[in-house]
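Chemist:
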Amino acid sequence: MLTGLQVAVLGGDARQLEIIRKLTELDAKIYLAGFDQLEQSFTGAVKENMEDIPFEQIDAIVLPVAGLQATGEVETIFSKSHLRLSKDIFDRTPKHCVIFTGISPPLLTNMAEKAGRKLVRLFDRDDVAIYNSIPTAEGTVLMAIQHTDFTIHGSTVAVIGMGRVGMSVARTFNNLGANVLLGARRSEHLARAIEMGLTPFKMNELSAVAEKADIIINTVPSLVVTASAIAKMRPHTLIIDLASKPGGTDFRYAEKRGIKAILALGLPGLVAPKTAGQILANVLAELLKNDATK
Ligand code: NAP
């Protein structure tokens, strides 16, 4: 239980509702800012203006998954008012206060560092990334269905990258009956691909693979789907790039060649916001419980 713990949840989207639900169930006291248009209420959670939150007593601050915008504003879909975060707010919290975010843009990292507060990036965690790879893979299937006129079953799908997302995506498309080719640079990843019943290829073989693929799914956050690979693709080939901005595809060249290329970001929040929120809520609750027992 989190009895006695005081948490400020500042802004966010539907995923925050799962966090609020979980933390209130565990008996934490929650202050919400940026939720004035939310009709739902939670026992143990009070809606406040940012300036009315008693930050001096707050043990943890939960920010939206994107952390903080470059303007210093905290994004919220549940309010029309602007939530501004400043170092002064962190300074007001007790020294043990932990700040939770999904990712941390430089402004947030600097602010937390200067205030000397611990910043936890939930998306850096292996467990969160692996859990998130499940809705990501499902979202990728949705994209493939929406943007092609052929079945996944029987089609040739090249997945690039054997990280947490690549592995789940490759397995999902393989289970749907696609002929999955897996591109990676490390020999152990190529070995794992064989163990999973996939056909491995080395990164420098991508151009040859591109010639026969119906769908290319990239998970590598570097430019790997280059103009020379795109030049080999057949007109119906679909590129789904999952890697964080700006993706790993030469989108300009793909457009020039008339190859459909989609940068499909934030799929967990898009296709399964409840699950995506529960993933964060469960990990957050565990971390808070561990902190509380220290
Ligand atoms: P990860 O576990 O770190 O995997 C990334 C993979 O890329 C690793 O296998 C890495 O191989 C490989 N790689 C990196 N640079 C490479 C290069 N230059 N050439 C070849 N391979 C390279 O990351 P992840 O959790 O799978 O996430 C992958 C990307 O998807 C990230 O950008 C993440 O932000 C994004 N993502 C997107 C969504 C969405 O909804 N679109 C959801 C979740 C995550 P090595 O091991 O050899 O370095």
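Residue numbers in the sequence shown follow my numbering, run continuously in steps of one, and reach 465 at the last position. Glycine is no exception: its CB is placed at the ideal position from the N, C-alpha and C atoms.
Comparing C-alpha positions only, which one of Glu-222, Lys-258 and Ile-270 sits nearest to Asp-230?
Modeler: The candidate whose alpha carbon is nearest that of Asp-230 is Ile-270.
Chemist: Does DSSP put Val-391 in a helix, a strand or coil?
Modeler: Here Val-391 sits in coil by DSSP.
Chemist: Let me check you understand the geometry: is the CB of Ala-329 closer than 7 Å to at least one non-hydrogen atom of the ligand NAP?
Modeler: False, no ligand heavy atom lies under 7 Å from that Cβ.
Chemist: Which stretch, first to last residue, makes up the alpha helix (DSSP H) that contains Pro-371?
Modeler: Segment 370 to 373 is the beta strand (DSSP E) holding Pro-371; no alpha helix (DSSP H) there.
Chemist: Among all the DSSP beta bridges, which residues are the ones paired with Asp-412?
Modeler: Asn-389 and Leu-434.
Chemist: The ligand NAP: which residues have Cβ under 7 Å from any of its heavy atoms, chain order?
Modeler: Here the residues come out as Ala-300, Asn-303, Ser-304, Thr-307, Gly-310, Gly-332, Met-333, Gly-334, Arg-335, Val-336, Gly-337, Ala-355, Arg-356, Arg-357, His-360, Met-374, Thr-390, Val-391, Pro-392, Ser-393, Val-395, Leu-413, Ala-414, Ser-415, Ala-435, Leu-436, Gly-437, Leu-438 and Pro-439.
Chemist: Start and end of the alpha helix (DSSP H) containing Phe-261?
Modeler: 258 to 263 is the span of the alpha helix (DSSP H), which, as asked, contains Phe-261.
Chemist: Please classify Arg-255: does DSSP put it in a helix, a strand, or coil?
Modeler: It is a strand residue.
Chemist: Since Ala-483 sits in a beta bridge, which residues does DSSP pair it with?
Modeler: Lying outside 172 to 465, the shown extent of the chain, residue 483 is not represented and no answer is given.
Chemist: Suppose contacts are defined by Cβ-Cβ distances below 8 Å. Is Asn-303 in contact with Pro-439 by that definition?
Modeler: A contact, by the Cβ cut-off of 8 Å.
Chemist: Using a threshold of 8 Å, state whether the C-beta atoms of Pro-235 and Val-442 are closer than that.
Modeler: Not a contact, by the Cβ cut-off of 8 Å.
Chemist: Quick one: Cα of Asp-262 to Cα of Ala-241, how far?
Modeler: Spanning the two alpha carbons is a distance of roughly 20 Å.
Chemist: Bridge partners for Leu-290 per DSSP, in chain order?
Modeler: Ile-270, per the DSSP bridge assignment.
Chemist: Per DSSP, which one or two residues make a beta bridge with Ala-204?
Modeler: Partner(s): Leu-181.
Chemist: Examine the Cβ distances between the stretch 253 to 267 and the stretch 211 to 218 and report whether three or more of them are shorter than 8 Å.
Modeler: Contact fails: fewer than three Cβ-Cβ distances are below 8 Å.
Chemist: Within the same chain, show all residues whose beta-carbon is closer than 8 Å to that of Val-299, passing over the 5 residues directly before and after it, in chain order.
Modeler: So the qualifying residues of the chain are Leu-293, Ile-450, Leu-451 and Val-454.
Chemist: From the DSSP output, read off the bridge partner residues of Glu-244.
Modeler: Per DSSP, Arg-255.
Chemist: Whose C-alpha, out of Thr-322, Glu-309, Glu-244 and Arg-428, is nearest the C-alpha of Lys-403?
Modeler: Minimum Cα distance to Lys-403 is reached at Arg-428.
Chemist: Taking its Cβ as the centre, do 16 or more other Cβ atoms sit within 10 Å of Arg-186, making it buried, or is it exposed?
Modeler: Buried is the call here.
Chemist: Return the chain-ordered list of same chain residues with a C-beta closer than 8 Å to the C-beta of Ala-384, the five sequence neighbours on each side being excluded.
Modeler: Once the five neighbours on either side are set aside, the close Cβ partners of Ala-384 are Thr-327, Val-328, Ala-329, Leu-352, Met-404 and Thr-408.
Chemist: Determine, for Ala-435, whether the minimum Cβ-Cβ distance to residues of chain D falls below 8 Å.
Modeler: Of the protein chains in the structure, only one exists, and it is not chain D.
Chemist: Take His-360 and list the residues in its own chain whose beta-carbon comes closer than 6 Å to its own, dropping the five residues that flank it on each side.
Modeler: Same-chain partners within the cutoff: Met-333.
Chemist: What residue does the alpha helix (DSSP H) around Thr-307 start on, and which one ends it?
Modeler: Start and end: 297 to 317.
Chemist: For Asn-350, which residues does DSSP report across the bridge?
Modeler: According to DSSP, which records beta bridges pairwise, Asn-350 is partnered with Thr-327.
Chemist: Counting beta carbon pairs with one atom in the stretch 310 to 319 and one in the stretch 268 to 284, are three or more of them shorter than 8 Å?
Modeler: No: fewer than three Cβ pairs fall under 8 Å.
Chemist: Going by C-alpha to C-alpha distance, which of Ser-339, Leu-347 and Val-340 sits closest to Phe-321?
Modeler: Among Ser-339, Leu-347 and Val-340, the Cα nearest to that of Phe-321 belongs to Leu-347.
Chemist: Tell me which residue opens and which closes the beta strand (DSSP E) that Ile-232 is part of.
Modeler: First-last of the beta strand (DSSP E) with Ile-232: 231 to 233.
Chemist: How would you label Lys-200, buried or exposed, when you count the other beta carbons within 10 angstroms and need 16 or more for buried?
Modeler: So Lys-200 ends up on the buried side.
Chemist: Going by beta carbon distance, what residues of the same chain come within less than 7 Å of Leu-458, once the five residues before and after it are set aside?
Modeler: Cβ neighbours of Leu-458 beyond the five flanking positions: Val-291.
Chemist: Going by CA-CA distance only, name the one from Asp-184, Glu-196, Lys-193 and Leu-197 that's closest to Ala-204.
Modeler: It is Asp-184.
Chemist: Compute the beta-carbon to beta-carbon distance between Ala-237 and Tyr-202, rounded to the nearest angstrom, for a pair I have assumed lies under 8 Å.
Modeler: So it is not a contact: roughly 20 Å between Cβ atoms.
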